[in-house]
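Trainee: Each residue of the sequence shown is one higher than the last, beginning at 7 in the numbering used here.
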Amino acid sequence: MQSTILRLAALAAILAASAPGSAAASLTVSGGHIGTQPGFTRVVVDLTGGAFEINEADATDPSPSDGLARVEIRHAAIAVRAFDLFGHGVRMRVSRPAAGRAAIVLSSAAGAFKYMRVSGLHAPQRLVIDLYRAAPPAVAAEVRSAPNRCLVLRSIRRSGRVLLVRGVERDLFEGTFQLVVRDARGRVVGRRTITARGAWRKGVGYRGVKSRQAGTVEAVASSAKDGSLACLVQRRVSLVP
C-alpha cells in the first residue's frame, strides 16, 4: 500500500510540473521604464513569474545607429502585456510576435546612439538594455576602465591626425577589439581592428575633420553571441583638421 501511495504521489508531481501554464514555467513581460545615465539611456523591462536567464535574450538587431534596435526574449511559456513607452529620446514597443517569444523594439533619432548592451538583473527580475550615446562624452560619461576590466584606457596622445593609445586587454574573445574615433556629431572618422593580449599600444588615424572640435576615442568589443556591446572604454578628445 505504501509503495502504491508513493508511486501515485510521484506521478502527481510529474503531471503538475508538466502542466501548461504552470507557475514554475510561466514568465510575464509586465511593464518597463526608460531612464538616463551619464553616457547612455537605460531601458528596463520588468519580468515576473518564472525564472529568467540572460541567455534567453538575443539582440536580433544590435545596432541602434540607424534609429532602430531589437531584442527578443525566447522562453517556452512567456506572456506579454503589450505596451508602448517613450522617454529620453527612446520609444520602446513590446509585443509577442509568436509563441515563446517577446520582442522589444527600440526606436530613436538616427545617429543618436552607437551601441546597445543587453544584461539582466534579479530580485526583481529585469531585462536591461543600455543605449550608448554617439556624441562625445562629458567627463561623467568617460569610461577609462570597463566594469570587469575587459578593457582599460591608460593614455591618449595626439600626433597630427593620429591618436596614440595605450591600454590593457583582459579575457576578450580572441583578444579582438576596435579602436574608433568619432567626431563632434558622433560619426566614425577613424577605425582600426586590434588583436592584443594584456598591455597594448596602438595608433589610429582619422580623416574628414574640417575644424577643431570635440571627439571621442573608444576601444570597443562586440559580443560573439549576437553582436551587442560586450566591452567599452571611451574618452573625450580634441580633434584637429
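Even for Gly, the Cβ is constructed at its ideal location relative to N, Cα and C. Fair warning: this is a prediction, and the values are worked out from it, not measured in the lab.
Am I right that Met98 and Leu235 are in contact with their C-beta atoms under 8 Å? What's the rounded C-beta distance?
Mentor: Counted from its first residue, the sequence shown places residue 98 at position 92. Counted from its first residue, the sequence shown places residue 235 at position 229. Between Leu235 and Met98 the Cβ distance is about 18 Å, and since that is not below 8 Å, they are no contact.
Trainee: Would you tell me roughly how many angstroms separate the C-alpha atoms of Leu137 and Asp189, rounded to the nearest one?
Mentor: Translated into positions along the sequence shown, residue 137 becomes position 131. Translated into positions along the sequence shown, residue 189 becomes position 183. Here the C-alpha atom of Leu137 lies approximately 18 Å from the C-alpha atom of Asp189.
Trainee: Mapping DSSP to helix, strand and coil, what is Asp64?
Mentor: Residue mapping note: residue 64 aligns to position 58 of the sequence shown, counting from 1. For Asp64, the three-state secondary structure derived from DSSP is strand.
Trainee: Please look up how many angstroms separate the CB atoms of Pro78 and Ala108, rounded, as I've assumed it's under 8 Å.
Mentor: Position 72 of the sequence shown, counting from 1, holds the residue named residue 78. Position 102 of the sequence shown, counting from 1, holds the residue named residue 108. One point to set straight first is that residue 78 is Glu, not Pro, in the sequence displayed. That pair is a contact at about 7 Å.
Trainee: Thr47 and Gly87 - do their beta-carbons sit closer together than 8 Å?
Mentor: Translated into positions along the sequence shown, residue 87 becomes position 81. Translated into positions along the sequence shown, residue 47 becomes position 41. A small correction: the amino acid at residue 87 is Arg; Gly does not occupy that position in the sequence shown. In this structure, Thr47 does not lie closer than 8 Å to Arg87 by Cβ.
Trainee: Threshold first: 3 residues or longer. Then list the beta strand (DSSP E) segments lying entirely within the segment 69-107, N to C.
Mentor: 74-80, 84-86, 89-93, 96-104
Trainee: Just tell me which of Val243, Leu157, His39 has its CA closest to the CA of Val145.
Mentor: Mapped onto the sequence shown, residue 145 falls at position 139. Among Val243, Leu157, His39, the Cα nearest to that of Val145 belongs to Val243.
Trainee: Give the range of the beta strand (DSSP E) segment to which Leu159 is assigned.
Mentor: To locate residue 159, count along the sequence shown from 1; it is residue 153. That run of the beta strand (DSSP E) goes 157-165.
Trainee: Applying the 10 Å Cβ sphere with the 16-neighbour rule, what's the burial state of Val124?
Mentor: The count along the sequence shown starts at 1 and reaches residue 124 at position 118. It is buried - the Cβ of Val124 has at least 16 other Cβ atoms within 10 Å.
Trainee: Out of Arg80, Gly56, Leu74, Pro247, point me to the one whose CA is closest to Gly117's CA.
Mentor: Along the sequence shown, one-based indexing puts residue 117 at 111. Of the listed residues, the one whose Cα sits closest to Gly117 is Leu74.
Trainee: Determine whether the beta carbon atoms of Ala63 and Pro142 lie at a separation below 8 Å.
Mentor: Mapped onto the sequence shown, residue 63 falls at position 57. Mapped onto the sequence shown, residue 142 falls at position 136. Result no, Cβ atoms of Ala63 and Pro142 do not sit closer than 8 Å.
Trainee: Can you name, in chain order, every residue of its own chain whose Cβ lies under 8 Å from the Cβ of Val215, other than the five neighbours on each side?
Mentor: For this step, residue 215 is matched to residue 209 along the sequence shown. Excluding positions up to five away in sequence, the list reads Arg167, Asp189, Val195, Gly221, Leu245, Val246, Pro247.
Trainee: Just mark Leu170 as buried or exposed, buried being the case when its beta carbon has 16 or more other beta carbons within 10 Å.
Mentor: Translated into positions along the sequence shown, residue 170 becomes position 164. It is exposed - the Cβ of Leu170 has fewer than 16 other Cβ atoms within 10 Å.
Trainee: Near Leu127, which residues of its chain fall below 7 Å by C-beta distance, leaving aside the five closest residues on each side in sequence?
Mentor: The sequence position of residue 127 within the sequence shown is 121, counting from 1. Correct list, in chain order: Val134.
Trainee: What does DSSP give as the partner residue(s) for Asp136 in the beta ladder?
Mentor: Locating residue 136 in the sequence shown gives position 130, counting from the first residue. Bridge partners of Asp136: Arg48, Arg123.
Trainee: Would you mind listing the beta strand (DSSP E) stretches within the segment 177-221 that are 3+ residues and don't spill past its ends, in chain order?
Mentor: Considered as a whole, the segment 177-221 harbours 182-188, 194-201, 204-211 as its complete beta strand (DSSP E) runs of no fewer than 3 residues, in chain order.
Trainee: Roughly how many angstroms separate the alpha carbons of Ala85 and Val210, rounded to a whole number?
Mentor: Working through the sequence shown from its first residue, we reach residue 85 at position 79. Working through the sequence shown from its first residue, we reach residue 210 at position 204. CA-CA distance, Ala85 to Val210, rounds to 47 Å.
Trainee: Pick from Leu112, Pro103, Ala82: whose alpha carbon is nearest that of Val96?
Mentor: Indexing the sequence shown from 1 puts residue 96 at position 90. When Leu112, Pro103, Ala82 are compared, the shortest CA-CA separation from Val96 is found for Leu112.
Trainee: Taking the beta carbon of Pro153 as the centre, do at least 16 other beta carbons fall within 10 Å, making it buried, or is it exposed?
Mentor: Here residue 153 corresponds to residue number 147 of the sequence shown, with the count starting at 1. With fewer than 16 Cβ atoms within 10 Å of its Cβ, Pro153 is classed as exposed.
Trainee: In terms of alpha-carbon separation, which member of Val239, Arg139, His81 lies closest to Arg191?
Mentor: The residue given as residue 191 occupies position 185 in the sequence shown. If we check each option's Cα against that of Arg191, Arg139 comes out closest.
Trainee: Bridge partners of Ser244, per DSSP?
Mentor: Position 238 of the sequence shown holds residue 244. Paired residues: Ala220.
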